[in-house]
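Residue numbers (the numbering used here): 370 to 432.
Just so it is clear, CB atoms sit at the ideal spot from N, CA and C, and this is done for glycine as well.
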Ligand SMILES: [Zn+2]
């Protein structure tokens with residue numbers, strides 16, 4: 370499966386200039402990838418849309 374996210378918000382390290390994504394963003398990408406795998410997606414290109422805080426709260430209450 371190839372899952373491409375565009376416009377992922379990245380932080381840039383002040384020391385070495387390396388770009389990285391924070392835990393919430395990487396977690397959201399991971400769960401999107403797991404969902405896509407369940408639906409049999411082979412190739413998908415999508416724009417990253419941050420999950421609002423209230424939705425994260427709802428998700429954690431459901432699970
Ligand atoms: Zn660094």
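Closest residue to residue i among the options (Cα-Cα distance)
| i | options | result |
| --- | --- | --- |
| residue 415 | 398, 375 and 370 | 375 |
| residue 420 | 381, 377, 373 and 371 | 377 |
| residue 370 | 417, 404 and 422 | 404 |
Cβ-heavy atom distance, residue i to ligand 1, below 8 Å
| i | result |
| --- | --- |
| residue 404 | no |
| residue 409 | no |
Assigned secondary structure, residue i (DSSP; H/G/I helix, E/B strand, else coil)
| i | result |
| --- | --- |
| residue 404 | helix |
| residue 393 | helix |
Paired residues, beta bridge with residue i - DSSP
| i | result |
| --- | --- |
| residue 416 | 375 |
| residue 388 | 381 |
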